[in-house]
Amino acid sequence: MTSKHQAKAPYFSDFFSEVKNTSAYWNLVTEAANPKARKSIGPIKKEDETLALTDKEKANSINLFFSNVGNKLNNLLPTSTHLQPITLENKEVPLLSQVVLNREAVSRKINSLQVKKSAGPDNIHPKLLRVAGDTVIPFLVSFYQHIIDREAVFLQWKVARITPIHKKDDETDIANYRPVSPLSIPSKILEELVNDILVDHVFTANDLDSDREWAYRKGYSTDLLRTQLTEQWRKELDKGKAIAVYSLLITKLQRNFGVSSPLLNWLNSYLSDRKQFTVVNGAESGTQPVQVGVPQGSVLGPTLFALSSSDLPSSVASEETYMYADDTSVYCVGNNGNVAVSLLNRALTELHEWCLRNRLIPHPKECEAMLITGSNYNGPIPPVSIGGSLVTWVKKSRLLGVTVDNKLTWSPHLSEV
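When the letters of the sequence shown are read in order and numbered with UniProt numbering, they come out as residues 1 to 417.
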């Protein structure tokens, strides 16, 4: 043991003996295990361009920014549009109304808890539930069933504790931070139980969703989708064709897949009246309401998004549109690059119209376009845009965790391994 370690040992020993609550204990464990802990957040620019200097000011400014992001985007949407709202087909679908929980399902969730995960705002750590094990499972089954049957989620479970994480660039710019919010562990277990039932009803038992949504279908993995897409592209290249690809991250939710009350009312409760507060360097902000979106890190959010966007592939005239959770890829095949780009622009116009009908705003800055050809493209590639904003052309792009280049050589990905 080095002299530095010898000096640290009594330091942490003294602190551990004085810890009085679970949250403080695990914060100290994190500090001891990770000497390169996340650095503190410095001054932050407020909306009026002045600097927030105290930690309380920073926390309030960042929390206000995060809570208003959805509202600001929503206000950018046109108040009226010539486009008709999207409606689902009138078809009979099997109903899902009752959720009946059992000991086996709850036990599986408890036993699969990752004890290294952080506690949520209620300071209940996953290790506590793992250690308690079978002794708490009967109580949790009754407890969770009661929550479902009363068709409401506890208000305490709707409060998110936000930790801002700096992404890149100017550290004084709030927009350069992303929110991370560990949710209540007991609440997350209930989400997983409901999500399993919902996924089974929609994607497995009744096959109600689009066959181009791969995220929740048994046997439909990212590897399989990636293989299918790249193999389809390779076949087109062998024919001398050109392919234009587009990726988009969007979110929405919709519940018209045979889900009815009491489960429907519970989902409404889950999504409504949510609040959040932000912690900066140990200082807590006030609480702000969250009017739009689902909690970051939630279990149900991705599933509800998949239901809401199930009609996206059929709304785009592109030959192929595939989704994996909230990642969407559109590709168009043409006899040459100009034709492929023209088809892609048409597809993006239709995608933009779908977004407007569904009260969504696409983010061109989060999107990339790539022209895949077997030969060199002469001259500049014609521009592609969505909603009047240009999309950046790239020569390589990330596709479901793998870097794909415009020649399908895999060289960029191999160089990263």
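For every residue, glycine included, the Cβ atom is placed at its ideal position computed from N, Cα and C.
- Put simply, of Val115, Ile386, Ser112 the residue whose alpha carbon is nearest the alpha carbon of valine 316 is Ile386.
- When only Cα atoms are considered, asparagine 102 and leucine 190 end up about 12 Å apart.
- Look at alanine 340 here: in three-state DSSP terms it is helix.
- Leaving aside the five residues that flank proline 186 on each side, the residues in its chain whose CB is nearer than 7 Å to its CB run, in chain order, Ile124.
- Excluding its 5 nearest sequence neighbours in each direction, isoleucine 165 has C-beta neighbours in its own chain below 7 Å: Tyr177, Arg178, Val180, listed in chain order.
- By the beta-carbon neighbour count (other beta carbons within 10 angstroms, threshold 16), arginine 108 is exposed.
- Taking the CA atoms as reference points, aspartate 122 sits about 21 Å from asparagine 60.
- Check the Cα spacing between asparagine 358 and each of Glu284, Tyr377, Asp311: the tightest is with Asp311.
- In this structure the region 349-366 lies against the region 375-395, because at least three pairs of beta carbons, one per stretch, are closer than 8 Å.
- In the assembly as shown, valine 153 is a buried residue. Its beta-carbon has 16 or more other beta-carbons within 10 Å.
- Close CB contacts of aspartate 134 within its chain, under the 8 Å cut and outside five residues either way in sequence, are with Ser107 (chain order).
- Distance from the CA atom of threonine 349 to the CA atom of valine 290, rounded to whole angstroms, is 30 Å.
- According to the DSSP assignment, tyrosine 177 belongs to the beta strand (DSSP E) that extends over 177-180.
- Going by C-alpha positions, asparagine 265 is about 14 Å away from leucine 198.
- Following the DSSP letters along the chain, one finds alanine 306 inside the alpha helix (DSSP H) bounded by residues 300-308.
- Its chain contains Gly120, Asp122, Trp157 as the residues whose beta carbon lies nearer than 6 Å to that of serine 184, once the 5 sequence neighbours on both sides are disregarded; these appear in chain order.
- In this structure, the CA atom of isoleucine 41 is about 7 Å from the CA atom of valine 280.
- Bridge pairing for alanine 160: Gln276 [DSSP].
- For the pair glutamate 171 and lysine 275, the Cα-to-Cα distance works out to about 25 Å.
- Collapsing the DSSP output to three states places proline 126 in a helix.
- The alpha-carbon separation between threonine 163 and lysine 46 amounts to approximately 17 Å.
- When the five nearest sequence neighbours on each side are left out, the beta carbons in the same chain lying within less than 6 Å of the beta carbon of isoleucine 148 are those of Val99, Trp266, in order along the chain.
- Within its own chain, the residues whose Cβ lies closer than 8 Å to the Cβ of alanine 105, once the five positions on either side in sequence are excluded, are Leu193, Asp196, listed in chain order.
- Within a 10 Å sphere around the beta-carbon of threonine 409 sit fewer than 16 other beta-carbons, which makes this residue exposed.
- Asp273 is the residue among Leu343, Asp273, Phe143, Gly258 whose C-alpha sits nearest the C-alpha of leucine 155.
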